[in-house]
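Undergrad: Protein chains in written order, with the working numbering: chain A, 1 to 328; chain B, 1001 to 1328; chain C, 2001 to 2322; chain D, 3001 to 3322.
All residues carry an ideal CB built from backbone N, CA and C; glycine is no exception.
Bear in mind that the values here come from a model prediction, so they are computed numbers and not experimental data.
Can you read through this structure? Questions will come right after.
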Amino acid sequence: MSRVTYREAVRQGIREALLKDPRVFLMGEDVGAYGGCYAVSKGLLDEFGADRIRDTPLSESGFVGAGIGAALGGMRPIVEIMTVNFSLLALDQIMNTAATYLHMSGGQFNVPVVIRMATGAGRQLAAQHAHSLEGLYAHIPGLKVLTPATLEDARGMLGTALQDPDPVLIFEHCNLYNMEGELVEDAGPVEISHARVAREGKDVTIISYSASLFKALEASNKLASDGMDCEVIDLRTLRPLDSETILGSIRKTHRAVIVDEGWRTGSISAEISARIMENGFYDLDAPVQRVCSEEVPIPYAKHLEDAALPQAEKIIRSVRAMITGKAA
Amino acid sequence: MSRVTYREAVRQGIREALLKDPRVFLMGEDVGAYGGCYAVSKGLLDEFGADRIRDTPLSESGFVGAGIGAALGGMRPIVEIMTVNFSLLALDQIMNTAATYLHMSGGQFNVPVVIRMATGAGRQLAAQHAHSLEGLYAHIPGLKVLTPATLEDARGMLGTALQDPDPVLIFEHCNLYNMEGELVEDAGPVEISHARVAREGKDVTIISYSASLFKALEASNKLASDGMDCEVIDLRTLRPLDSETILGSIRKTHRAVIVDEGWRTGSISAEISARIMENGFYDLDAPVQRVCSEEVPIPYAKHLEDAALPQAEKIIRSVRAMITGKAA
Amino acid sequence: MSPEHALHLLYEMVRIRRFEEKCVELYSAMKIRGFLHLYIGEEAVAAGVLQALRPNDAVIATYREHGHALARGVSAQRIMAEMFGKMEGCSRGRGGSMHLFDAATHFYGGNAIVGGGLPIATGLALAAKMQQQERIVCCFFGEGAVAEGAFHESMNLAALWRLPVMFICENNLYAMGTALSRSESLTDISAKAAAYKVTAEAVDGMDVMAVDAAAARAAASVRTTGGPYLLECRTYRFRAHSMFDPELYRPKSEVEEWKKRDPIPLLISSMRREGLIDDREIERIESSVAAEVDDAVAFAEAGSLEPPKELTRFVYSDRRSE
Amino acid sequence: MSPEHALHLLYEMVRIRRFEEKCVELYSAMKIRGFLHLYIGEEAVAAGVLQALRPNDAVIATYREHGHALARGVSAQRIMAEMFGKMEGCSRGRGGSMHLFDAATHFYGGNAIVGGGLPIATGLALAAKMQQQERIVCCFFGEGAVAEGAFHESMNLAALWRLPVMFICENNLYAMGTALSRSESLTDISAKAAAYKVTAEAVDGMDVMAVDAAAARAAASVRTTGGPYLLECRTYRFRAHSMFDPELYRPKSEVEEWKKRDPIPLLISSMRREGLIDDREIERIESSVAAEVDDAVAFAEAGSLEPPKELTRFVYSDRRSE
Ligand SMILES: Cc1ncc(C[n+]2csc(CCOP(=O)(O)OP(=O)(O)O)c2C)c(N)n1
Ligand SMILES: Cc1ncc(C[n+]2csc(CCOP(=O)(O)OP(=O)(O)O)c2C)c(N)n1
Ligand SMILES: [Mg+2]
Ligand SMILES: [Mg+2]
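So this is what it looks like as C-alpha cells:
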C-alpha cells in the first residue's frame, strides 16, 4: 500500500497501460509539455516521449475524431478532453461516429477508443467549465460511461476501458484529483459492470456516483448519529447502469434518494428513478427522491455555486423527510 | 380554414414572422436556392430575397454561433439546422453560449434566437440522420424546447418562440411534414406553457409528443374498441415541462404510459416518470411504463427501423398489461 | 498510359454508371429507400484516384460513395444487397446507401456527416504512422465540406504531424443547392492548402487520365514524404443531389453544358483517337458490366432480412478486445 | 502621434498592469478565486487596438480579458467586484474573471470557450450590417484558437458575407503550454487570411504605437469596405497561463528575453527620447492608477453577495421580448 492522490492513481493507470501495451498512447491538449491541465500526466512526456504523450492543437473535434480513427487503425488511444464543457465540440464525432461505427458497419469496425475528461463543479470556474454532463453521455447507445469515485477505480477503470473493444468515456471529477488515500501498489484493472455498496444500511438507499458519493457518505454519517441507517451505492458505471444492485438494495430498504450533480431535469437520476418505478414500485414505502444540481449555468460566486450543487445538508433533509414522512 | 400540410404550416409561420418583423430572418443550409432540405422554405427566397432567406455554408457551429450573435445584436434570427444529428456540431454554441449568456452576464445580454431542426426516424435514413435528441436538449437550463405535433403548433409555435427573449429550439419531426389537415387562415401564435389533452379518457394516461403522439392516438383507438379508455397528452413543450397537466390526468386515471421516440435510457420519458414518482406516487395504481426507441443507432433496413421505434402495437401491449395487471 | 490501364479505367467508370442507373430504377421500384446520392458524372474521380492505392491502404468516403466502394473492389452484390436492406449487404443492411463498409478492402465507409470523415482519416493515418505500416489513407469529401471546421482541423493535424493522408476534394460546384461561390469566400479550394503548408494540386475531374496521373503523383508524394496532400478534382454532378431534389438552384443548360464533358464519352473518344478501342470492345464492356449489375440485383433480391431479434446486435462488440 | 495620445496609451497600459498585479495579491489572499488569466506583458494589444473603436462598436474577448474590459471603459470597480463574486460586479458575481460583461460599453464578454467568440462576433457584425448600423465588431482571440474549426468557419462567413469584423489575434506564442510551432503547421497566422480572401497584417504587439496605428488601419478598412480584417499582434505573456501553471514548457530565459521588450518601459523610453514624458508625469500616472485600483478594491470589498434565493434568476429573462 502507498499513499496516493486520485490524480496519481489516474496517472498510474495511464502509465501502466503505456508500459504494457505499445498500442496505447495519450493525446490531448497540454497532456505533454504542460503536464496536463490538472497535472494528471505530469512526468509522462519525459518517460514516454512526444509520440505517445501527444500534445494536440486546440481542435477538440479534430483530435477526438483522430483518436477514433487511430482506434480503427489498430491503436489504443486515450484521448483527454480538458473539461466536459469542451467535449461538446467533439460530441458529433463521439455520437455520430464512435458510437455508431460498429452498428452501421454491421459489426465490421469496432472503435476501441478511451476518452477521459474532467467533469463537475466546485472550483468556481463558472458556466463554461463546471458542468456534469456524464448523464447526457449515458443516453447514447454504443458508449460506455464510467465515473470513478475511488482511487481503485481511478486507476483500475482505465485498464479495463482499454481492454474494451468499444468506445469508453471516463469522467474524472475535478474536485477529486486532490483526494488522498491508500492504494495497493499493483492494483490492476477493475470490473466495471457492477455498482458498489459503499456503505451498508437498512433504512434508505442513497444512490450516487463520482464526487457526490462523498456528500452522500457525509450525509449518512450525520444521519447515523440520528439513528437513520443509510445504505450508499456508488454507481461507478452510468452506462450500462447496474439496475440489479439498486433494486436489490431497495428490496431491503424500501426507500431511495438519488444524488446527482447533473441538472435535475433529464439527468441520469431521472433514469434511475424511472427504473425503480418500473421494477421496484411495489418494494417502495415512499416515492424515490432526487437531490440534483439546480437548473442553472454554474455561477462563479462561491455561495451561489454552493447553492447550485447537491450538498450533504440537502441530502440529509431529503432522507429525513422521507423517513419521517414529512415533506422536505 | 384551408387544407395544408405540416410543412406548409411551418412555412406560413415563417412567412408571417418575416412579414411582421423586419428583424426576423431565416438562415441555414439550403434554406434559399434549394428551398429547404424538407422543402419547408420553398418560395421564400423569391419573396424575401437572399438577405433574409440566407443560405449558409456547411458550418453548423459557425452559423449557429452567428445566429446567436445576430440575436445579441438586435435581430430575431430563425436558424435552421437540417437534421438533429448535425446539431451536435453546434451544441457547444447552443449549450455553452446561447444557454449561458443571460446568466453569465448577470442579466445583461439575452439571446432571442430560434433554432429549428428536423428530428426523428421513419424514413430509412440510418444512424446519422434519424435520432430524436430533443430530450437531450430539454436537459439544458436556459433553453426552451418545443415539439409541435399539430398544424396549429407547427405554425403558431414559431411566432411565440420569436416573441421569447431567450433561446428557443423547435423540433419538427421529419415524418410529420406531409401530414395534412385543416388550419384557419389567420392562425397566430399559440401559448407554449401547457401540454394539451389530445384525447380524454379515464383508464390510463398516455403521455407523448411529436410524431409519437399519433401512434399513441392510434393505439388509443384500438384500445377503445376493447373497452380501454385512454387519455392522451401531447406534451408540446419539453422544456419547461408542464408537470401539472400530467399529474392532473394521473389523478384521474391512476395509470400512465409514456411514449417517446428517444432512446430509453436517460430520455425525457425518464424525467416524466421521475416527476410522477415524486409528485404522483400515491395516485398510482400501477407503475408508470415507458415505450421508447430501442437503444440502437437507427438502422437502415425498414423492418429493423420499425423494430427500433415505438409503435402502436407496443403501446397497446403496454397499456393492456398495465390494465390487466399482467406483464407486457 | 498503357492501353490496358485506359481500358480498365473505362471499365470502372462504366460499372459505376450502370450500377447507379440501375439504382435509380430500383429506387422508383421502392427496392431501395432512404437517401440515395448518385455519383453519375463524377466517375472519373473515384475510378482515377483509386488506381493509386495499394491493397493495404485505407479509404474513407462520404454518403455519395457507391463509386468509391465499387472502384475500391467492394463487391457489387454486397453493395446492392446493402441498399436492399439485406443481411448479405456489406453493412448487413444496417447502413444503406450512405453507409457502405468493407473490412476486407479497408473501406471505412460511408460517412454521412459532411466533413466527418476527415478527422477519422487523419487518425487512421496516425495509426499507420505510429505502427510504421506501409499504408496511406485516402479521404474523399465534397467542396461543401471545406467550409466545415473539420476540414481546417484535419488539414492542420495531418500537416503538423506529417501524416500520410491523401485528401481528395470532389469539387462538383454544389453542396446540395449551394453553389461554391455562395459557400466559400475563396473558391480556389486547392489554394487553401497553403494555409496549412500542405502540397496541393487541382485537376480536371472529368478527365480520368488526368485524375489517374494526378492521383499517382499525390500518392507518390504521400508515400515518399509521409505527409498529406490535397488533390482537388473539378467535376460535376449530372443528377439531382438526392432523389428528393427538385434542382431549383441551377439551370438545365449548365447541366447540359457539363454533360458535354461526360467523363465516359470523353475517355472513349480519346481512346478511339489513339485506336485503343472499337465498338466491339465497348459492347463487351457494357455487356460484362450489365451482367455484373444484374447479378448484383439478383443477389440482393435473393438475400434475407436480419431477424429483428438481432436488432441491438453490434451496438456493442460480442467479444472483448484482444 | 500626439503627445496626449501617447500618454493616454501609457496610462491605459499602466492601469491594466497595476490592476492585474493587485489581482495576483488578491488571489493569494483568496479574495479572487476560480481561474485567473493575466494579461501582463500583452497590454499594448488591448490598449492599442481599442483606440480604434467608437462607442457604438462591439467587443468580444476571451477569458484573458481584464485588459480589454478596462481599456474599453468598463469600470475597474465593477470588474474587481465581479472577481470578488459580488452583486455589484459587472456580471453580478455570476461570471468571475473569465466572464466580464458590460452592456453600456457593448462589451459582450468574456468567453471561455477557446474560439467560441468568433462566430458570435460574426453574428454581431451580421446584425450590424442587416440593420445598417454604423458599427464594427472587434473580436480578440489567442493564436491557440486559430486551430479551432470556429476560426475557419468564422473567417469564411465574415468574408463571404462581407461583415465588419476586426479579428484580432493575440499571438503570445503559447496556448497554455503548447508552443505555436506545435499547434500550427503554418505558424504565420496572418498568412492564413489568404485562404479566406481576408486582408491581414501582422504587427509587433509589444509596441503600442505600432499596434495603435495598425488597429487604426484595420478599423478604417473594416469601416470603408464593410468586410473583415485580420490583425495579428505578436506579443508575449510574462506570467503563467493561469494561477495553476507551473510553466514547465518554456525556459525562464525566454521569458526574461521578452521582458526586455516590456511594452510599458518600451513606450516610456520612446517618449523620453522625444521629450514627451518625465519622471513626475510617470509618478502622476502611477499614483492616479494606484488610486483607481485601491478604489476598485474598496468598492469590491464593500459589495454585497447576491442572496442565494436569486440563484436561478437570469436563467431566463424576467420580461418578454419587445
Ligand atoms: C454536418 C452535415 N450538415 C449537413 C448535411 C446535409 N447534407 C448532406 S450532403 C450535403 C451537401 C454536401 O456537399 P459537398 O460536400 O459538396 O458534397 P456533394 O454532395 O456535392 O458530393 C449536405 C448539406 C450533412 N449530411 N452533414
Ligand atoms: C474549447 C476549449 N478548449 C480548451 C480550453 C482550455 N484552455 C483555456 S485557455 C487555453 C489556451 C488558449 O490559448 P490561446 O488561444 O493562444 O490564448 P492565450 O491563453 O494564449 O491568450 C486552453 C487550452 C478552453 N477553454 N476551451
Ligand atoms: Mg459538392
Ligand atoms: Mg496564446
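#1: Does the Cβ of R3239 of chain D lie closer than 6 Å to at least one heavy atom of ligand 1?
#2: Taking only the alpha-carbon atoms, compute the straight-line gap between G1159 of chain B and E1008 of chain B and give it to the nearest angstrom.
#3: From the DSSP output, which residues share a beta bridge with Y2229 of chain C?
#4: Quick check on DSSP: helix, strand or coil for G1248 of chain B?
#5: Between D:L3070, D:V3024, D:A3300 and D:A3058, which has its C-alpha nearest A3046 of chain D's C-alpha?
#6: Find out if the Cβ-Cβ distance for the pair V1145 of chain B, L1183 of chain B is shorter than 7 Å.
#7: Can you grab the Cα-Cα spacing for the pair V2208 of chain C / F3141 of chain D, in whole Å?
#8: Might you give, ordered along the chain, the residues of its own chain that have their beta carbon closer than 7 Å to the beta carbon of S3321 of chain D, omitting 5 neighbours on each side?
#9: What's the C-alpha gap between F86 of chain A and S3317 of chain D?
#10: Taking 7 Å as the CB-CB cut-off, is G2095 of chain C touching chain A?
#11: In the DSSP assignment, the alpha helix (DSSP H) including V288 of chain A goes from what residue to what residue?
#12: Evaluate contact between the stretch 2227-2240 of chain C and the stretch 2162-2174 of chain C, counting only Cβ atoms and requiring at least three cross-stretch pairs below 8 Å.
#13: Starting from the beta carbon of F3314 of chain D, find every residue of chain B whose beta carbon is closer than 7 Å, and list them in chain order.
#14: I need the DSSP call for R1306 of chain B, collapsed to helix, strand or coil.
#15: Quick one: what does DSSP say N2056 of chain C is sitting in, helix, strand or coil?
#16: Cα separation between S1318 of chain B and F1214 of chain B?
#17: Comparing the C-beta of E3088 of chain D with each C-beta of chain B, is any distance below 7 Å?
#18: Would you grab the beta carbon distance between L2010 of chain C and C2023 of chain C for me? Rounded to a whole angstrom, and I think it's under 8 Å.
#19: Please name the residue in B:T1205, B:V1190 and B:E1191 whose C-alpha comes closest to that of V1197 of chain B.
#20: Return helix, strand or coil for I1316 of chain B, following the three-state DSSP convention.
#21: Would you say the beta carbon of N2172 of chain C is closer than 6 Å to some non-hydrogen atom of ligand 1?
#22: At a CB distance below 7 Å, what residues from the stretch 2132-2151 of chain C approach chain A? Give them in sequence order.
#23: Locate the alpha helix (DSSP H) running through S3287 of chain D, then write down its first and last residues.
#24: Considering Cα atoms alone, identify which of D:G3093, D:A3103, D:G3085 and D:R3223 is closest to G3073 of chain D.
#25: Work out the CA separation of K3129 of chain D and C3090 of chain D for me, nearest whole Å.
#26: Does the pairing of the stretch 1080-1096 of chain B with the stretch 3116-3135 of chain D give three or more beta-carbon distances under 8 Å?
#27: Within 6 Å: the Cβ of G2115 of chain C and any heavy atom of ligand 2?
#28: Does the distance between the C-beta of A2158 of chain C and the nearest non-hydrogen atom of ligand 4 fall short of 6 Å?
#29: Hey, is R317 of chain A close to ligand 2, as in C-beta under 6 Å from one of its heavy atoms?
#30: Span of the beta strand (DSSP E) holding R1054 of chain B?
#31: Please name the residue or residues paired with P1077 of chain B in a DSSP beta bridge.
#32: My parser needs the alpha helix (DSSP H) runs of 4 or more residues fully inside the stretch 2070-2120 of chain C; what are they?
#33: Just reading off the beta strand (DSSP E) that T1119 of chain B is part of, what are its end residues?
#34: Going by DSSP, what residue range makes up the alpha helix (DSSP H) through S2270 of chain C?
#35: Does M2080 of chain C come within less than 7 Å of chain B when only Cβ atoms are used?
#36: Select from D:D3262, D:A3029 and D:I3136 the residue whose C-alpha is nearest the C-alpha of D3204 of chain D.
TA: Considering the structure as presented:
#1: no
#2: 15 Å
#3: C:M2166 and C:T2199
#4: helix
#5: D:L3070
#6: no
#7: 44 Å
#8: With a pLDDT of only 49 at S3321 of chain D, under 50, the local geometry of the prediction cannot be trusted, and the value read off the model is given with reservation. The answer is none, since no qualifying residue turns up.
#9: 26 Å
#10: yes
#11: Segment: none, V288 of chain A is in no alpha helix (DSSP H) and carries neither H nor E.
#12: yes
#13: L1102, H1103, G1106 and G1107
#14: According to the sequence displayed, residue 1306 of chain B carries Asp and not Arg. Correct three-state label for D1306 of chain B: helix.
#15: coil
#16: 16 Å
#17: no
#18: Going by Cβ atoms, the distance from L2010 of chain C to C2023 of chain C rounds to 20 Å, so no, they are not a contact pair.
#19: B:T1205
#20: helix
#21: yes
#22: G2149 and A2150
#23: D3279 to A3302
#24: D:A3103
#25: 28 Å
#26: yes
#27: no
#28: no
#29: no
#30: I1053 to D1055
#31: B:F1025
#32: 2076-2083
#33: V1114 to T1119
#34: P2263 to R2273
#35: no
#36: D:D3262
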